[in-house]
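**Student:** Next up is a structure, given as C-alpha coordinates.
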Amino acid sequence: MAVGEFGDGGAPMKSLILLPDGVGIRNFLCTRFVEHLLAEGDVLIWHALSPLCIAEHQSRLGDRVQWEPLPAHREPRLAQVLRLAKTAAQLRWRRRNGHALPSIERTRRAGGWRSRALRRTAQGLGALFGTQRGAVLLHRAHGFAVSHSPGLAPFTEYLRRHSPDVVFCTHQRASSALPAMAAARRLGIPTATFIYSWDNLPKDRMAVHADAFLVWSHYMKDELLECYPEVHPDDVYVVGTPQFEHYFNPALIEPREVFLQRLGLDPKRPTVCFSGDDVTTSPHDPQYLADLAESFRRLPGPGTPQILFRRFPVDISGRYGPTLERYPEVVASEPVWRYDDPGNWARVVPSTADVALLANVVHHCDAVVNVGSTMAMDFAILGKPSIYIAYDPPGITGPWSVGEIYSYPHFRTVHKLQPVYWARSAEELGPLVLHALEHPLEKEAARRAWVSLQVAQPMDKASERCAAALVHISKARRRG
(Lines of atoms letter the chains of each structure in order from A and count residues from 1; the text may use other names and numbers.)
(Lines give C-alpha, C1' and ligand atoms only; values in the text may rest on other atoms or scores of the structure.)
Protein backbone atom coordinates (compact mmCIF):
# COMPACT_ATOMS: atom_id res chain seq x y z
CA MET A 1 0.00 0.00 0.00
CA ALA A 2 1.46 3.36 -0.98
CA VAL A 3 1.56 6.14 1.55
CA GLY A 4 -0.52 8.29 -0.74
CA GLU A 5 -3.35 5.76 -0.99
CA PHE A 6 -5.70 7.91 1.09
CA GLY A 7 -4.32 11.15 -0.34
CA ASP A 8 -4.30 12.95 -3.68
CA GLY A 9 -0.80 14.34 -4.11
CA GLY A 10 -0.22 18.10 -4.00
CA ALA A 11 1.85 20.34 -1.75
CA PRO A 12 4.32 18.89 0.78
CA MET A 13 2.88 18.11 4.20
CA LYS A 14 4.35 19.11 7.54
CA SER A 15 3.56 16.49 10.19
CA LEU A 16 3.84 16.95 13.94
CA ILE A 17 4.25 13.78 16.01
CA LEU A 18 3.36 14.22 19.67
CA LEU A 19 5.28 11.88 22.00
CA PRO A 20 4.07 12.75 25.52
CA ASP A 21 5.92 9.73 26.98
CA GLY A 22 7.70 6.56 25.92
CA VAL A 23 4.58 4.50 25.18
CA GLY A 24 4.53 5.28 21.46
CA ILE A 25 8.23 4.76 20.79
CA ARG A 26 8.11 1.11 19.71
CA ASN A 27 5.19 1.73 17.36
CA PHE A 28 6.28 4.99 15.79
CA LEU A 29 10.03 5.54 16.24
CA CYS A 30 11.24 1.94 15.95
CA THR A 31 9.37 1.31 12.69
CA ARG A 32 9.46 3.05 9.30
CA PHE A 33 6.50 5.29 10.20
CA VAL A 34 8.57 8.49 10.31
CA GLU A 35 10.29 7.62 7.02
CA HIS A 36 6.87 7.25 5.38
CA LEU A 37 5.90 10.71 6.63
CA LEU A 38 9.22 12.16 5.47
CA ALA A 39 8.30 11.04 1.96
CA GLU A 40 5.44 13.55 2.21
CA GLY A 41 7.35 16.46 3.78
CA ASP A 42 8.99 17.66 6.99
CA VAL A 43 8.37 16.05 10.38
CA LEU A 44 8.36 17.69 13.80
CA ILE A 45 8.57 15.56 16.95
CA TRP A 46 7.24 17.24 20.10
CA HIS A 47 8.34 15.06 22.97
CA ALA A 48 8.96 14.38 26.67
CA LEU A 49 11.97 12.10 26.08
CA SER A 50 15.49 12.05 27.45
CA PRO A 51 18.50 13.27 25.41
CA LEU A 52 19.86 9.71 25.26
CA CYS A 53 16.61 8.40 23.83
CA ILE A 54 16.49 11.19 21.25
CA ALA A 55 20.09 10.56 20.19
CA GLU A 56 19.35 6.89 19.47
CA HIS A 57 16.67 7.79 16.92
CA GLN A 58 18.06 11.11 15.69
CA SER A 59 21.10 9.47 14.13
CA ARG A 60 18.86 7.25 12.00
CA LEU A 61 16.18 9.78 11.04
CA GLY A 62 18.47 12.65 10.06
CA ASP A 63 18.15 16.43 9.89
CA ARG A 64 14.71 16.60 8.29
CA VAL A 65 13.19 15.68 11.64
CA GLN A 66 13.05 18.55 14.13
CA TRP A 67 12.93 17.64 17.82
CA GLU A 68 11.38 19.96 20.40
CA PRO A 69 10.68 19.26 24.10
CA LEU A 70 7.13 19.75 25.29
CA PRO A 71 6.62 22.74 27.60
CA ALA A 72 6.11 21.97 31.26
CA HIS A 73 2.42 21.96 32.14
CA ARG A 74 0.50 21.27 35.32
CA GLU A 75 -3.02 20.03 34.78
CA PRO A 76 -5.50 22.41 36.49
CA ARG A 77 -7.58 20.85 39.27
CA LEU A 78 -10.85 21.55 37.47
CA ALA A 79 -9.61 19.89 34.29
CA GLN A 80 -8.36 16.91 36.29
CA VAL A 81 -11.69 16.49 38.11
CA LEU A 82 -13.63 16.72 34.85
CA ARG A 83 -11.27 14.25 33.13
CA LEU A 84 -11.76 11.67 35.87
CA ALA A 85 -15.49 12.42 36.08
CA LYS A 86 -16.09 11.82 32.38
CA THR A 87 -14.25 8.52 32.67
CA ALA A 88 -16.39 7.53 35.66
CA ALA A 89 -19.59 8.53 33.83
CA GLN A 90 -18.50 6.69 30.69
CA LEU A 91 -17.76 3.50 32.62
CA ARG A 92 -20.99 3.75 34.59
CA TRP A 93 -23.34 3.90 31.62
CA ARG A 94 -21.34 1.37 29.66
CA ARG A 95 -21.20 -1.03 32.60
CA ARG A 96 -24.98 -1.08 32.68
CA ASN A 97 -24.83 -2.28 29.08
CA GLY A 98 -22.09 -4.84 29.80
CA HIS A 99 -19.38 -2.97 27.88
CA ALA A 100 -16.98 -1.90 30.64
CA LEU A 101 -14.83 -3.33 33.38
CA PRO A 102 -16.75 -4.35 36.50
CA SER A 103 -14.28 -2.96 39.04
CA ILE A 104 -12.14 -0.32 37.39
CA GLU A 105 -12.42 2.06 40.36
CA ARG A 106 -10.67 -0.44 42.62
CA THR A 107 -7.43 -0.12 40.67
CA ARG A 108 -7.35 3.66 41.15
CA ARG A 109 -7.40 4.17 44.91
CA ALA A 110 -3.75 4.91 45.58
CA GLY A 111 -2.42 8.31 46.59
CA GLY A 112 -2.68 10.88 49.36
CA TRP A 113 -5.81 12.40 50.83
CA ARG A 114 -5.92 15.20 48.24
CA SER A 115 -5.83 12.69 45.41
CA ARG A 116 -8.46 10.55 47.11
CA ALA A 117 -10.70 13.58 47.67
CA LEU A 118 -10.29 14.60 44.04
CA ARG A 119 -11.22 11.11 42.85
CA ARG A 120 -14.22 10.96 45.19
CA THR A 121 -15.43 14.27 43.76
CA ALA A 122 -14.94 12.93 40.25
CA GLN A 123 -16.76 9.70 41.11
CA GLY A 124 -19.67 11.72 42.49
CA LEU A 125 -19.90 13.75 39.30
CA GLY A 126 -19.60 10.56 37.28
CA ALA A 127 -22.52 9.04 39.16
CA LEU A 128 -24.58 12.19 38.66
CA PHE A 129 -23.84 12.25 34.91
CA GLY A 130 -23.72 8.47 34.49
CA THR A 131 -25.61 8.28 31.21
CA GLN A 132 -24.47 8.42 27.61
CA ARG A 133 -25.64 12.03 27.30
CA GLY A 134 -24.11 12.91 30.67
CA ALA A 135 -20.74 11.48 29.64
CA VAL A 136 -20.82 13.58 26.45
CA LEU A 137 -21.63 16.71 28.49
CA LEU A 138 -18.69 16.05 30.82
CA HIS A 139 -16.45 15.44 27.82
CA ARG A 140 -17.40 18.83 26.39
CA ALA A 141 -16.94 20.54 29.75
CA HIS A 142 -13.51 18.95 30.10
CA GLY A 143 -12.53 20.03 26.60
CA PHE A 144 -13.59 23.60 27.38
CA ALA A 145 -11.62 23.60 30.65
CA VAL A 146 -8.46 22.35 28.94
CA SER A 147 -8.71 24.67 25.94
CA HIS A 148 -9.15 27.69 28.24
CA SER A 149 -6.36 26.69 30.62
CA PRO A 150 -3.99 29.56 31.46
CA GLY A 151 -1.01 27.31 30.68
CA LEU A 152 -1.95 26.82 27.03
CA ALA A 153 -0.01 29.82 25.69
CA PRO A 154 3.38 28.13 25.00
CA PHE A 155 1.65 25.28 23.14
CA THR A 156 -0.32 27.72 21.01
CA GLU A 157 2.78 29.79 20.27
CA TYR A 158 4.77 26.74 19.13
CA LEU A 159 1.98 25.56 16.83
CA ARG A 160 1.53 29.03 15.33
CA ARG A 161 5.25 29.27 14.69
CA HIS A 162 5.51 25.91 12.89
CA SER A 163 2.00 25.63 11.36
CA PRO A 164 1.86 21.83 10.96
CA ASP A 165 -0.75 20.32 8.66
CA VAL A 166 -1.64 17.59 11.16
CA VAL A 167 -0.87 16.83 14.82
CA PHE A 168 -0.64 13.11 15.64
CA CYS A 169 -0.55 11.91 19.26
CA THR A 170 1.09 8.48 19.35
CA HIS A 171 -1.43 7.11 21.85
CA GLN A 172 -4.64 8.23 23.51
CA ARG A 173 -3.80 7.45 27.15
CA ALA A 174 -1.59 10.38 28.21
CA SER A 175 -3.29 13.32 29.91
CA SER A 176 -0.01 15.22 29.45
CA ALA A 177 -0.85 15.43 25.74
CA LEU A 178 -4.09 17.33 26.37
CA PRO A 179 -2.80 20.93 26.21
CA ALA A 180 -0.96 20.35 22.93
CA MET A 181 -4.00 18.69 21.35
CA ALA A 182 -6.35 21.36 22.70
CA ALA A 183 -4.15 24.15 21.33
CA ALA A 184 -4.07 22.48 17.91
CA ARG A 185 -7.84 22.10 17.80
CA ARG A 186 -8.36 25.75 18.82
CA LEU A 187 -6.11 26.78 15.92
CA GLY A 188 -8.02 24.58 13.48
CA ILE A 189 -5.12 22.16 12.94
CA PRO A 190 -6.46 18.63 12.37
CA THR A 191 -5.57 16.20 15.15
CA ALA A 192 -5.40 12.42 15.27
CA THR A 193 -4.49 9.78 17.83
CA PHE A 194 -3.84 6.04 17.88
CA ILE A 195 -5.66 3.55 20.11
CA TYR A 196 -2.69 1.86 21.72
CA SER A 197 -3.97 -1.53 22.89
CA TRP A 198 -6.82 -3.98 22.45
CA ASP A 199 -7.99 -3.43 26.05
CA ASN A 200 -7.92 0.39 26.11
CA LEU A 201 -11.50 1.05 24.99
CA PRO A 202 -13.18 -1.27 27.54
CA LYS A 203 -10.99 0.33 30.22
CA ASP A 204 -11.88 3.82 28.95
CA ARG A 205 -8.23 4.73 28.54
CA MET A 206 -9.23 7.75 26.45
CA ALA A 207 -7.57 10.80 27.97
CA VAL A 208 -6.97 12.30 24.52
CA HIS A 209 -9.82 13.04 22.15
CA ALA A 210 -9.01 14.08 18.61
CA ASP A 211 -10.59 14.86 15.26
CA ALA A 212 -9.65 11.40 13.99
CA PHE A 213 -8.73 8.02 15.45
CA LEU A 214 -6.45 5.29 14.11
CA VAL A 215 -7.49 1.80 15.23
CA TRP A 216 -6.29 -1.79 14.93
CA SER A 217 -9.25 -3.33 13.11
CA HIS A 218 -12.87 -3.02 12.03
CA TYR A 219 -13.70 -4.78 15.30
CA MET A 220 -11.99 -2.00 17.26
CA LYS A 221 -13.66 0.63 15.08
CA ASP A 222 -17.08 -0.78 15.95
CA GLU A 223 -16.06 -0.87 19.60
CA LEU A 224 -14.96 2.77 19.52
CA LEU A 225 -18.17 3.92 17.85
CA GLU A 226 -20.20 1.98 20.41
CA CYS A 227 -18.26 3.49 23.32
CA TYR A 228 -18.17 7.01 21.85
CA PRO A 229 -21.23 7.50 19.64
CA GLU A 230 -20.36 11.18 19.20
CA VAL A 231 -17.45 10.10 16.95
CA HIS A 232 -18.30 10.02 13.22
CA PRO A 233 -17.47 6.72 11.46
CA ASP A 234 -15.61 8.57 8.70
CA ASP A 235 -13.17 9.86 11.31
CA VAL A 236 -12.02 6.37 12.33
CA TYR A 237 -9.24 4.82 10.21
CA VAL A 238 -8.51 1.09 10.29
CA VAL A 239 -4.72 0.80 10.06
CA GLY A 240 -3.65 -2.19 12.18
CA THR A 241 -0.86 -1.68 14.72
CA PRO A 242 2.86 -1.21 14.05
CA GLN A 243 3.79 -3.17 17.19
CA PHE A 244 3.71 -6.46 15.28
CA GLU A 245 5.69 -5.33 12.21
CA HIS A 246 9.02 -6.38 13.70
CA TYR A 247 8.10 -10.06 13.46
CA PHE A 248 8.13 -9.74 9.68
CA ASN A 249 11.57 -8.12 9.42
CA PRO A 250 14.08 -10.91 8.63
CA ALA A 251 17.00 -8.56 9.32
CA LEU A 252 16.13 -8.68 13.03
CA ILE A 253 15.96 -12.47 13.39
CA GLU A 254 19.02 -14.44 14.49
CA PRO A 255 19.48 -18.19 13.94
CA ARG A 256 17.79 -20.18 16.69
CA GLU A 257 21.02 -21.82 17.81
CA VAL A 258 22.85 -18.51 18.10
CA PHE A 259 20.08 -16.75 20.01
CA LEU A 260 19.26 -19.51 22.49
CA GLN A 261 22.87 -20.49 23.16
CA ARG A 262 23.76 -16.88 23.92
CA LEU A 263 21.07 -16.91 26.61
CA GLY A 264 22.31 -20.22 28.01
CA LEU A 265 19.44 -22.29 26.61
CA ASP A 266 19.60 -25.58 24.69
CA PRO A 267 18.43 -25.09 21.07
CA LYS A 268 17.44 -28.78 20.89
CA ARG A 269 14.91 -28.55 23.72
CA PRO A 270 11.47 -26.91 23.53
CA THR A 271 11.54 -23.39 24.96
CA VAL A 272 8.56 -21.85 26.73
CA CYS A 273 8.37 -18.12 27.37
CA PHE A 274 6.83 -16.97 30.64
CA SER A 275 5.94 -13.31 30.12
CA GLY A 276 5.26 -11.24 33.21
CA ASP A 277 2.78 -8.42 33.58
CA ASP A 278 2.73 -5.36 35.83
CA VAL A 279 2.24 -5.69 39.58
CA THR A 280 -1.33 -4.33 39.52
CA THR A 281 -2.61 -6.49 36.67
CA SER A 282 -0.94 -9.70 37.81
CA PRO A 283 0.38 -9.47 41.37
CA HIS A 284 1.02 -13.23 41.70
CA ASP A 285 3.23 -13.73 38.63
CA PRO A 286 6.24 -14.89 40.72
CA GLN A 287 4.10 -17.71 42.14
CA TYR A 288 2.87 -18.66 38.67
CA LEU A 289 6.44 -18.73 37.37
CA ALA A 290 7.36 -21.01 40.28
CA ASP A 291 4.38 -23.25 39.48
CA LEU A 292 5.55 -23.56 35.87
CA ALA A 293 9.14 -24.35 36.86
CA GLU A 294 8.01 -26.90 39.45
CA SER A 295 5.69 -28.58 36.96
CA PHE A 296 8.54 -28.94 34.45
CA ARG A 297 10.73 -30.52 37.12
CA ARG A 298 8.08 -33.20 37.56
CA LEU A 299 7.87 -34.05 33.85
CA PRO A 300 9.52 -37.40 33.02
CA GLY A 301 12.35 -38.11 30.61
CA PRO A 302 14.96 -36.07 28.75
CA GLY A 303 14.13 -33.18 26.46
CA THR A 304 11.72 -31.52 28.88
CA PRO A 305 10.83 -27.90 28.12
CA GLN A 306 13.01 -25.07 29.38
CA ILE A 307 11.79 -21.65 30.50
CA LEU A 308 12.79 -18.26 29.17
CA PHE A 309 11.41 -15.57 31.48
CA ARG A 310 10.74 -12.03 30.23
CA ARG A 311 9.47 -9.61 32.85
CA PHE A 312 7.20 -6.67 32.11
CA PRO A 313 9.74 -3.97 31.17
CA VAL A 314 8.56 -1.29 33.60
CA ASP A 315 8.29 -3.78 36.49
CA ILE A 316 11.56 -3.08 38.30
CA SER A 317 10.21 -4.21 41.67
CA GLY A 318 12.61 -7.16 42.00
CA ARG A 319 9.69 -9.37 43.05
CA TYR A 320 10.90 -12.33 40.94
CA GLY A 321 14.25 -12.58 42.77
CA PRO A 322 13.32 -15.36 45.22
CA THR A 323 11.68 -17.43 42.48
CA LEU A 324 14.71 -17.16 40.19
CA GLU A 325 17.01 -18.14 43.07
CA ARG A 326 14.88 -21.17 43.87
CA TYR A 327 14.69 -22.27 40.21
CA PRO A 328 18.08 -21.46 38.65
CA GLU A 329 17.14 -23.39 35.52
CA VAL A 330 14.79 -20.52 34.60
CA VAL A 331 16.67 -18.19 32.26
CA ALA A 332 15.76 -14.51 32.55
CA SER A 333 15.99 -12.42 29.39
CA GLU A 334 16.16 -8.82 30.62
CA PRO A 335 14.28 -6.27 28.49
CA VAL A 336 16.66 -3.73 26.93
CA TRP A 337 14.84 -0.58 27.97
CA ARG A 338 16.21 2.82 28.96
CA TYR A 339 15.74 3.64 32.65
CA ASP A 340 16.91 7.26 32.45
CA ASP A 341 14.47 8.21 35.22
CA PRO A 342 12.92 5.03 36.75
CA GLY A 343 10.39 7.00 38.79
CA ASN A 344 9.05 8.66 35.65
CA TRP A 345 7.21 6.42 33.17
CA ALA A 346 7.88 8.94 30.41
CA ARG A 347 11.59 8.16 30.81
CA VAL A 348 11.32 4.35 30.97
CA VAL A 349 11.33 3.55 27.28
CA PRO A 350 12.10 0.72 24.83
CA SER A 351 15.24 0.72 22.74
CA THR A 352 15.72 -0.52 19.19
CA ALA A 353 17.81 -3.34 20.67
CA ASP A 354 14.80 -4.52 22.67
CA VAL A 355 12.66 -4.56 19.54
CA ALA A 356 15.09 -7.10 18.05
CA LEU A 357 15.29 -9.02 21.34
CA LEU A 358 11.51 -9.38 21.60
CA ALA A 359 11.24 -10.42 17.95
CA ASN A 360 13.75 -13.21 18.59
CA VAL A 361 12.07 -14.29 21.83
CA VAL A 362 8.78 -14.81 20.01
CA HIS A 363 10.40 -16.41 16.95
CA HIS A 364 12.49 -18.91 18.92
CA CYS A 365 10.24 -19.79 21.86
CA ASP A 366 7.74 -22.54 21.12
CA ALA A 367 4.90 -21.35 23.37
CA VAL A 368 4.05 -18.62 25.87
CA VAL A 369 2.48 -18.74 29.35
CA ASN A 370 1.02 -15.69 31.12
CA VAL A 371 -2.03 -14.12 32.75
CA GLY A 372 -4.12 -12.66 29.94
CA SER A 373 -1.28 -10.81 28.22
CA THR A 374 -1.29 -9.49 24.66
CA MET A 375 1.83 -11.64 24.19
CA ALA A 376 -0.60 -14.44 23.36
CA MET A 377 -1.38 -12.48 20.20
CA ASP A 378 2.30 -12.00 19.40
CA PHE A 379 2.79 -15.76 19.51
CA ALA A 380 -0.46 -16.44 17.62
CA ILE A 381 0.78 -14.23 14.78
CA LEU A 382 3.69 -16.64 14.33
CA GLY A 383 1.42 -19.68 14.68
CA LYS A 384 2.50 -20.64 18.20
CA PRO A 385 0.37 -21.78 21.15
CA SER A 386 -0.40 -19.75 24.25
CA ILE A 387 -1.49 -20.84 27.70
CA TYR A 388 -3.46 -18.45 29.90
CA ILE A 389 -3.17 -19.09 33.64
CA ALA A 390 -6.73 -19.28 34.97
CA TYR A 391 -6.45 -20.11 38.68
CA ASP A 392 -5.83 -18.14 41.85
CA PRO A 393 -2.88 -19.23 44.01
CA PRO A 394 -4.03 -21.25 47.03
CA GLY A 395 -4.43 -19.28 50.24
CA ILE A 396 -4.40 -15.91 48.50
CA THR A 397 -7.20 -13.56 49.51
CA GLY A 398 -7.95 -10.00 48.48
CA PRO A 399 -9.72 -8.02 45.79
CA TRP A 400 -7.69 -9.44 42.88
CA SER A 401 -8.98 -12.56 41.12
CA VAL A 402 -7.89 -14.17 37.90
CA GLY A 403 -11.55 -14.90 37.15
CA GLU A 404 -12.30 -11.21 37.26
CA ILE A 405 -9.45 -10.49 34.85
CA TYR A 406 -10.93 -12.82 32.25
CA SER A 407 -14.41 -11.35 32.70
CA TYR A 408 -13.25 -8.08 31.16
CA PRO A 409 -14.94 -7.25 27.83
CA HIS A 410 -11.80 -7.45 25.68
CA PHE A 411 -11.55 -11.17 26.47
CA ARG A 412 -14.93 -11.91 24.88
CA THR A 413 -13.29 -12.76 21.56
CA VAL A 414 -10.91 -15.11 23.40
CA HIS A 415 -13.80 -16.92 25.11
CA LYS A 416 -15.70 -17.11 21.82
CA LEU A 417 -12.88 -18.28 19.53
CA GLN A 418 -10.76 -20.19 22.10
CA PRO A 419 -7.35 -19.44 20.52
CA VAL A 420 -5.55 -20.19 23.82
CA TYR A 421 -5.34 -23.00 26.36
CA TRP A 422 -6.57 -22.41 29.92
CA ALA A 423 -4.53 -23.76 32.85
CA ARG A 424 -7.04 -24.05 35.69
CA SER A 425 -4.68 -25.40 38.35
CA ALA A 426 -0.97 -25.59 39.12
CA GLU A 427 -1.13 -29.37 38.68
CA GLU A 428 -2.60 -28.97 35.21
CA LEU A 429 -0.09 -26.36 34.05
CA GLY A 430 2.88 -28.55 33.07
CA PRO A 431 0.92 -31.30 31.27
CA LEU A 432 -1.13 -28.66 29.44
CA VAL A 433 1.99 -26.88 28.19
CA LEU A 434 3.41 -30.23 27.09
CA HIS A 435 0.18 -30.99 25.22
CA ALA A 436 0.33 -27.61 23.45
CA LEU A 437 3.94 -28.24 22.43
CA GLU A 438 3.13 -31.71 21.10
CA HIS A 439 0.08 -30.45 19.17
CA PRO A 440 1.13 -26.99 17.93
CA LEU A 441 -1.51 -26.87 15.17
CA GLU A 442 -4.46 -27.90 17.33
CA LYS A 443 -5.66 -24.32 17.78
CA GLU A 444 -4.16 -22.84 14.62
CA ALA A 445 -7.53 -22.09 12.97
CA ALA A 446 -8.77 -20.37 16.14
CA ARG A 447 -5.56 -18.36 16.42
CA ARG A 448 -5.82 -17.19 12.84
CA ALA A 449 -9.45 -16.20 13.31
CA TRP A 450 -8.59 -14.26 16.47
CA VAL A 451 -5.68 -12.38 14.90
CA SER A 452 -7.69 -11.59 11.75
CA LEU A 453 -10.49 -10.18 13.88
CA GLN A 454 -8.22 -8.04 16.07
CA VAL A 455 -5.57 -6.78 13.63
CA ALA A 456 -5.91 -5.41 10.10
CA GLN A 457 -3.97 -7.26 7.40
CA PRO A 458 -1.29 -7.30 6.11
CA MET A 459 0.34 -6.69 9.47
CA ASP A 460 3.73 -5.70 8.06
CA LYS A 461 2.23 -2.58 6.40
CA ALA A 462 0.65 -0.98 9.47
CA SER A 463 3.05 1.96 9.83
CA GLU A 464 2.57 2.72 6.14
CA ARG A 465 -1.20 2.75 6.61
CA CYS A 466 -0.84 5.01 9.67
CA ALA A 467 1.15 7.52 7.62
CA ALA A 468 -1.34 7.29 4.75
CA ALA A 469 -4.21 8.01 7.14
CA LEU A 470 -2.48 11.17 8.37
CA VAL A 471 -1.92 12.31 4.79
CA HIS A 472 -5.63 11.83 4.11
CA ILE A 473 -6.66 13.63 7.32
CA SER A 474 -4.46 16.59 6.46
CA LYS A 475 -5.57 16.88 2.85
CA ALA A 476 -9.23 16.36 3.63
CA ARG A 477 -9.05 19.33 5.99
CA ARG A 478 -7.26 21.41 3.32
CA ARG A 479 -9.99 20.63 0.80
CA GLY A 480 -12.62 21.50 3.43
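Sequential numbering of the sequence shown, starting at 1, is according to our numbering.
Positions of the beta carbon are idealized from the N, C-alpha and C atoms, including for glycine.
Every value quoted in this text rests on a predicted model; they were computed, and no experiment measured them.
Just the Cα atoms here: how many angstroms apart are Val-43 and Asn-27?
**Tutor:** 16 Å
**Student:** Return yes when the Cβ of Met-377 is within less than 8 Å of the Cβ of Val-314, no when it is not.
**Tutor:** no
**Student:** What separation, rounded to the nearest whole angstrom, lies between the Cα atoms of Asp-460 and Ala-446?
**Tutor:** 21 Å
**Student:** Quick check: Pro-419 and Lys-443, are their CB atoms within less than 8 Å of each other?
**Tutor:** yes
**Student:** Would you mind stating whether Pro-393 and His-284 have Cβ atoms separated by less than 8 Å?
**Tutor:** yes
**Student:** Assign Gln-66 to buried or exposed, taking buried as 16 or more other Cβ atoms, counted over all protein chains shown, within 10 Å of its Cβ.
**Tutor:** exposed
**Student:** Looking only at C-alpha atoms, which of Leu-52, His-363, Ile-25, His-36 sits nearest to Leu-260?
**Tutor:** His-363
**Student:** Are Gln-58 and Trp-93 closer than 8 Å when you measure CB to CB?
**Tutor:** no
**Student:** Per DSSP, what kind of secondary structure is Trp-400 in: helix, strand or coil?
**Tutor:** coil
**Student:** So, Phe-244 versus Val-34, is the Cβ gap smaller than 8 Å?
**Tutor:** no
**Student:** Ser-386: buried (16+ other C-beta within 10 angstroms of its C-beta) or exposed?
**Tutor:** Note on Ser-386: 16 or more other CB atoms within 10 angstroms of its CB, so buried under the neighbour-count rule.
**Student:** Looking at C-alpha atoms only, which residue of Asp-63, Ala-449, Thr-31 is the closest neighbour of Phe-248?
**Tutor:** Thr-31
**Student:** Might you give, ordered along the chain, the residues of its own chain that have their beta carbon closer than 6 Å to the beta carbon of Ile-17, omitting 5 neighbours on each side?
**Tutor:** Ile-45, Phe-168
**Student:** Near Leu-29, which residues of its chain fall below 6 Å by C-beta distance, leaving aside the five closest residues on each side in sequence?
**Tutor:** Cβ within range, chain order: His-57.
**Student:** Please classify Phe-144 as buried or exposed, where buried requires at least 16 other C-beta atoms within 10 Å of its C-beta.
**Tutor:** exposed
**Student:** Relative to the C-alpha of Pro-20, which residue among Cys-365, Ser-176, Thr-121 is closest?
**Tutor:** Ser-176
**Student:** Thinking C-alpha only, which one of Leu-137, Gly-395, Pro-305, Tyr-320 is nearest Leu-289?
**Tutor:** Here the closest residue by C-alpha is Tyr-320.
**Student:** Is it true that the CB of Phe-274 sits closer than 8 Å to the CB of Asn-370?
**Tutor:** yes
**Student:** Would Ala-184 and Arg-83 qualify as a contact pair, given that the criterion is a beta-carbon distance under 8 Å?
**Tutor:** no
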